[in-house]
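Colleague: In case it helps, the working numbering puts the sequence shown at residues 274 to 566.
For each residue, glycine too, the CB sits at the ideal point set by N, CA and C.
The following block contains the structure, expressed as structure tokens.
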Amino acid sequence: MFVVFGATGQTGSVVADTLLEKQLPVRVVLRSDKAADAWQAKGADVAFADVIDADAITKALDGAIAVYAMNPPAYQAVDMFTVAKNIGAAYVEAIAQSSVQKVVLLSSVGSQHATGTGNIMTTYLLENIFGNLAIPVTFLRAAGFMENWNGVAVIAAEKGILPSFYSPLDRKLPMVAAADIGRAAAEALTEDWTGKRIIELYGAADYSPNDVAVAFAVVLKRDVQAVALPESDWQATIVGFGASPEAANAWCEMLRGFNSGHIIFENNGIETRKGQTTIENFAAATVKAQNLI
């Protein structure tokens, strides 16, 4: 049984779908029964657990051989790092006493660093906690999500401006689509390996904010210019997204880490893989999904 946590999320849903397409036995772990019927209709087994609850996770892992684990964003929490530590401890406690033979943990670019990464510190912490498991574990370090541009697509459509936390605007960064992360995680789950391994997951290419603006401009059939959001506006903007002030502080530190070049892949003999979704594919799908033209 392949057990998938976060199955209603951007990556977990694709992990589960991909495994089901391979006709493998899948159990999705949900926090509520809202999506249970839909998953059962697809042929998945369903379990319910909050990832902070080791006992519930243990029950969800009954008969499992492989697990996709991830840390749900805790942007409203006062201390997302303590939340991550508690979630990691619950996962590891449950996995250690289960039949699980291998784990793929969703991690992030920059997770090799102990400082200066803001909320990416949560995946650094999780990697260290999961590293205590005696079974094979893959740390899937994904590039920045292309989906981070979803929230400003409407501004590009209406005003011809693409606000960007990233600067300089012409510097290219690795960006990957969530669906590609899910597919890569599913592929990794079906593989055999020993010990702990890291996979650095890039997108189809690296892109700058200017590249993203051009991609939206082509789809929207209007001029779109990337505009750097002043750092003095970051905190209020992120709190406006619904984050706690403390989480917003961490987010700002992460952005400074990207912009300074501190948050990058290691590129030091580590295995790398690439997604297939281009920024042009992403822009077209986003505009269509949001009915922007």
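#1: For M448, which beta-bridge partners are listed by DSSP?
#2: Are the stretch 544-552 and the stretch 465-485 touching, with three or more C-beta to C-beta distances below 8 Å?
#3: According to DSSP, V277 sits in a beta bridge with which residue or residues?
#4: Secondary structure at A516, three-state DSSP: helix, strand or coil?
#5: I'd like to know whether the C-beta atoms of A438 and M394 end up nearer to each other than 9 Å.
#6: Does the Cβ-Cβ distance between L435 and P482 come in under 9 Å?
#7: Would you mind stating whether G455 and V288 have Cβ atoms separated by less than 9 Å?
#8: Apply the 10 Å Cβ neighbour rule to D290 and answer buried if 16 or more other Cβ atoms are within range, or exposed otherwise.
#9: I want to know whether the stretch 536-544 touches the stretch 380-395 - three or more CB-CB distances under 8 Å.
#10: Ordered along the chain, which non-local residues of its own chain (more than five positions away) have a Cβ less than 6 Å from that of S440?
#11: Do you know how far the Cα of S286 is from the Cα of V247?
#12: Helix, strand or coil for A501, going by three-state DSSP, please let me know.
#13: If we ignore side chains and look at the alpha-carbon of each, how far apart do E473 and Y397 end up?
#14: Please name the residue, chosen from Y341, V491, S381, E420, that lies closest to V302 on a Cα-to-Cα basis.
#15: Bridge partners for P379 per DSSP, in chain order?
#16: Taking the CB atoms as reference points, tell me whether Q374 and I338 lie closer together than 9 Å.
#17: Taking one C-beta from the stretch 362-369 and one from the stretch 400-407 each time, how about it: are there three or more such pairs within less than 8 Å?
#18: Grouping DSSP H, G and I as helix and E and B as strand, with all else coil, what is K469?
#19: Please name the residue or residues paired with L474 in a DSSP beta bridge.
#20: Looking at the secondary structure, which residues open and close the beta strand (DSSP E) in which L406 lies?
#21: If we ignore side chains and look at the alpha-carbon of each, how far apart do L446 and M419 end up?
#22: State the Cα-Cα distance for the pair I552 and A488, rounded to the nearest angstrom.
#23: So what's F321 in DSSP terms, helix, strand or just coil?
#24: Which of helix, strand or coil does DSSP assign to S533?
#25: Let me confirm a value: F555 is counted as buried when at least 16 other C-beta atoms fall within 10 Å, else exposed. Which label applies?
Modeller: So, from the listed chains and residues:
#1: G417
#2: yes
#3: V301, Y341
#4: coil
#5: Note on residue identity: the sequence assigns Phe, not Ala, to residue 438. Contact flag unset, no.
#6: yes
#7: yes
#8: buried
#9: yes
#10: A501, N532
#11: Outside the displayed range of the chain (274 to 566) lies residue 247, so it cannot be described from this structure.
#12: strand
#13: 14 Å
#14: Y341
#15: For the sequence presented, residue 379 should be read as Leu rather than Pro. Paired residue(s): L413.
#16: yes
#17: yes
#18: strand
#19: A415, R546
#20: Neither: L406 is in no beta strand (DSSP E) and is coded neither H nor E.
#21: 11 Å
#22: 7 Å
#23: strand
#24: helix
#25: buried
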